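Quick note on the working numbering: the sequence shown kicks off at 284 and runs consecutively. Don't be surprised by glycine CBs; every beta carbon is placed ideally from N, CA and C. Treat the numbers as computed from the prediction; the structure is a model and nothing was measured. Below: one structure, written as structure tokens.
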Amino acid sequence: MSKTKDLSLASPEYRQFIKELKGRVLAARVSAARAVNRDLILLYWDIGRGIVEKQQTLGWGDSIVEMVSADLQKAFPGAFGFSPQNVWRMLQFFRTYTDNLFLSQAVRELEKKGRKTPSPEALSQFVRELVAAVPWGHHANVL
Numbered sequence: 284m285s286k287t288k289d290l291s292l293a294s295p296e297y298r299q300f301i302k303e304l305k306g307r308v309l310a311a312r313v314s315a316a317r318a319v320n321r322d323l324i325l326l327y328w329d330i331g332r333g334i335v336e337k338q339q340t341l342g343w344g345d346s347i348v349e350m351v352s353a354d355l356q357k358a359f360p361g362a363f364g365f366s367p368q369n370v371w372r373m374l375q376f377f378r379t380y381t382d383n384l385f386l387s388q389a390v391r392e393l394e395k396k397g398r399k400t401p402s403p404e405a406l407s408q409f410v411r412e413l414v415a416a417v418p419w420g421h422h423a424n425v426l
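In structure tokens form, the structure reads like this:
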């Protein structure tokens with residue numbers, strides 16, 4: 284490179300350009316981490332729901348938790364989050380944050396404020412999005 288090009292790369296405009304790029308990269312990383320966190324929370328809730336439903340409809344016992352944990356760990360070696368303790372937390376997570384509980388509380392709150400009550404489907408989706416916005420570690424600590 285010539286000296287002119289080297290000097291132009293060190294210009295205030297270039298430094299500002301790099302600063303903006305760094306900001307965009309960091310913002311994209313944070314956004315991606317939040318999206319992953321949200322999807323994992325929804326996955327954990329859904330795993331808990333699936334196990335609870337199978338226990339209720341097929342009469343599966345508590346030992347299914349250890350079996351699910353072992354099979355998921357075999358299917359995804361090196362993946363974190365599928366220990367028996369975490370699968371138990373997923374069940375508790377589902378039981379704690381069931382749609383009916385959220386829906387009834389949210390509807391009562393809306394009625395108190397005189398607002399139009401949204402459909403159960405819309406409210407359910409809204410609640411899932413709110414719950415998913417909270418990091419999994421916070422839910423695990425609460426449980």
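The beta carbon of residue 367 sits closer than 7 Å to those of 348, 349 and 352, all from its chain and outside the five residues before and after it, given in chain order. In the three-state scheme derived from DSSP, where H, G and I count as helix and E and B as strand, residue 354 is classed as helix.
Ranked by Cα distance from residue 377, the first of 325, 316, 294 and 340 is 325. Between the C-alpha atoms of residue 294 and residue 306 there is a straight-line separation of about 19 Å.
Residue 323 and residue 333 have their C-alpha atoms some 15 Å from each other. The Cβ neighbour count for residue 374, taken over all protein chains shown within 10 Å, is at least 16; the residue is labelled buried.
DSSP places residue 333 in the uninterrupted alpha helix (DSSP H) bounded by 295–341. In summary, residue 344 is exposed, with fewer than 16 beta-carbon neighbours lying within 10 Å of its beta-carbon over all protein chains present.
A distance below 8 Å between beta-carbons, with the five flanking residues on each side excluded, links residue 356 to the following residues of its chain, in chain order: 362, 365 and 366. Residue environment for residue 330: buried (at least 16 other C-beta atoms within 10 angstroms of its C-beta).
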